[in-house]
Every structure is written in structure tokens, then in C-alpha cells.
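Below is one structure, written out as C-alpha cells; the observations come after it.
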Amino acid sequence: MIVKFTGRLLLSACFFFLVACNPSSKINKDYLYFQNNRDDLVKSQLKELTIKPNDLLSIQIYSTTLNQDQAAIFNITGNSYLVDVNGKIQVPVIGEVTASGLSKAQLQEVLKSKLNNYVKDPAVLVKFQQFTITVLGDVGSPGTKPFTSDKVTILDAISAAGDLLPTGVRENVTVSREDKNGVRHWYEIDLRSAALFNSPVYQLQQNDIVYVNANTAKLKSLKEKGTSPLSIIQAGFGLIGVATSLILLFRNR
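Going by the working numbering, the sequence shown wraps up at 985, each residue one higher than the last.
This is the structure:
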């Protein structure tokens with residue numbers, strides 16, 4: 733009889749554990765990404781970013797012919813070019829070239845046209861040498877995140893930062909962006925809505941800042957009630973352990 737009772741206790745503990753670990757619809761609503769507005773999405777593609785002041789560019793200049801001597805003078809050590817506050821770069825021999833407002837491909841064409849007088853069949857490769865996004869707030873690993881590609885989305889940045897913590901506010905994530913004139917703009921997006929794919933800040937730009945607010949009320953509630961995911965798991969294992977001990981105790985009598 734006692735063994736049956738403890739067996740039922742064990743089953744009840746397991747049931748409690750599974751229920752506790754299974755999020756309710758309310759929890760799903762708080763935590764799941766892309767819950768709504770999926771039917772209203774417009775197919776979007778990542779765009780070529782434009783160059784801005786203070787960007788650090790890597791520019792390689794060479795000739796499509798076998799003789800690279802003509803192009804050698806244009807390749808400075810490290811191939812690094814800093815776009816100044818006026819949006820210009822200084823290229824050996826050619827001099828000042830406006831880069832701000834152009835895409836990488838457009839700057840390549842501008843440089844090729846200027847190099848025609850010096851290099852036979854010139855070719856130019858322009859890349860962002862330093863592409864970083866700063867992610868702050870209620871995430872697993874806040875900080876400045878470097879990327880090898882310049883086509884970075886807000887989901888890439890959040891992933892690189894270890895995702896949002898359970899107390900992170902998913903419906904109101906802030907993105908701060910500086911334009912080519914140095915003016916900073918602020919945007920808010922809802923990660924729970926699939927409409928974020930159509931947001932102007934879904935694709936991030938170099939040196940954007942992503943900030944995730946913490947839900948202080950939720951955090952306080954979890955602490956007061958002791959209903960954090962860890963405490964639920966600990967409680968579930970505790971009940972299972974007690975039930976198992978009772979079974980073993982009465983079986984040995």
C-alpha cells in the first residue's frame with residue numbers, strides 16, 4: 733500500500749516537473765519570436781551598405797595584367813583607409829577621393845576610373861576592414877561584436893551576444909544609429925513580431941548599438957516567488973528525489 737502511494741507520489745512529481753517546464757501560452761507570448769504579422773511580410777533582401785565618415789576601409793589596387801609594378805605604389809601598408817569626417821579618403825598619387833555616401837562597388841568604380849591614367853587595366857577591391865556592432869543590456873554576453881561580413885542583421889547581433897535573457901524585453905528592443913552627418917537616430921522593434929524583417933534596422937549598419945531593456949517587474953516577481961526556471965527544475969528534482977527515497981526505504985523494510 734505504501735509502495736503504491738510512493739509510486740503515485742513519484743508519478744505526481746514527474747507530472748509536476750513536466751508541467752512546470754512546459755511554458756504556458758502566456759509564457760510563449762512573452763518569449764517566442766516572430767509570433768504574428770507573418771502574412772504581411774514583404775520579401776526583403778539585404779542591401780549594400782553605404783560608406784560613412786570614420787569607417788575603416790581595406791582597399792587593394794592591382795592590375796589585371798601580369799605586371800603589378802604600376803599598382804604597387806597605390807597599395808599602402810596594411811591597405812587601410814580611414815574615411816575622414818568630411819567623408820573623404822587620401823589615395824597615394826590620386827589624392828583626395830570622396831567615399832562617404834557610396835557603396836563599396838561604387839567606390840571601386842570611382843577609383844578604377846581615376847587609376848586608368850596610371851595603371852593598365854586596373855582592378856580595385858574595397859571591403860569594410862572593421863565591422864562591429866555593440867549589443868548592451870539584458871543579453872547573455874553584452875559587448876562589441878566583430879563581424880567578418882558587412883551584411884549583419886539584428887538577429888545575427890543578438891545571437892553573437894548569447895540571445896536575450898528570460899527577463900529581456902522582447903517587444904521593445906532599441907537600435908541606435910548614427911547617420912553620415914553624425915546625428916544619432918533611435919529605433920524600436922518588436923522581436924515577437926515577424927514585421928521586424930521589414931524594419932529599417934533589421935539589417936544593421938557599422939557601429940550600430942543594440943540595447944535590450946530588462947523587465948524589472950518580471951525579474952522582481954521571479955525573485956520573490958522563486959519561480960525562475962532554475963528554481964522550478966530544482967523543485968522538480970527535489971520532489972522526485974524525495975519520492976524515490978521513500979520507495980527505497982519502504983522496500984527495504
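Just so you know, even glycine gets a beta-carbon here, dropped at the ideal spot from N, CA and C.
Here the structure is a predicted model, which is why all the values come from computation and not from measurement.
Distance from the CA of Tyr813 to the CA of Gln935, rounded to the nearest whole angstrom, comes to 24 Å. Comparing alpha carbon positions, the residue from Lys859, Val867, Pro824 closest to Val942 is Val867. Cβ-Cβ separation between Val901 and Val944: approximately 7 Å, consistent with a contact (criterion under 8 Å). Collapsing the DSSP output to three states places Phe863 in a strand. DSSP links Glu910 through a beta bridge to Arg916.
Counting C-beta atoms within 10 angstroms of its own C-beta, Lys852 has fewer than 16 neighbours from the protein chains shown and is therefore classed as exposed.
About 20 Å separates the beta carbon of Asn818 from that of Ser790, a gap too long to meet the 8 Å contact definition. For Phe879, the pairing in a beta bridge is given by DSSP as Phe863.
Judged by DSSP in its simplified three-state form, Ala855 adopts strand. Lys883 and Arg924 have their C-alpha atoms roughly 22 Å apart. The Cβ-Cβ distance between Lys779 and Ser832 does not fall below 8 Å.
Straight through space, the alpha carbons of Pro898 and Asp787 are spaced by roughly 35 Å. Annotation: Arg916 to Val907 spans about 10 Å, alpha carbon to alpha carbon. Residue burial is scored here from C-beta neighbours: Gln938 has at least 16 other C-beta atoms within 10 angstroms and is therefore classed as buried. Taking Ser873 as the centre and dropping the five residues before and after it, the same chain places the C-beta of Ala893, Gly894 closer than 6 Å to its C-beta, in chain order. Apart from the 5 residues on each side of it in sequence, Phe806 sits with its Cβ closer than 6 Å to the Cβ of Ile793, Pro824 in its chain, given in chain order. Selection Val815, Gln822, Trp918 evaluated against Gln862 yields Val815 as nearest (Cα-Cα). The beta carbon of Phe879 sits closer than 6 Å to the beta carbons of Phe863 from its chain, once the five residues preceding and following it are set aside; these are given in chain order. Annotation: the continuous alpha helix (DSSP H) that includes Ser891 extends over 886–892.
Secondary structure of Ser931 (DSSP, three-state): coil. In the DSSP annotation of this structure, the continuous segment of the alpha helix (DSSP H) that includes Ser845 starts and ends at 836–847. Note on geometry: alpha-carbon atoms of Phe929 and Thr885 lie some 9 Å from one another. For Leu868, DSSP records a beta bridge to Tyr943.
Distance from the CA atom of Lys844 to the CA atom of Ser795, rounded to whole angstroms, is 10 Å. The alpha-carbon separation between Thr830 and Lys820 amounts to approximately 4 Å. Around the beta-carbon of Ala803, 16 or more other beta-carbon atoms lie within 10 Å, marking it buried.
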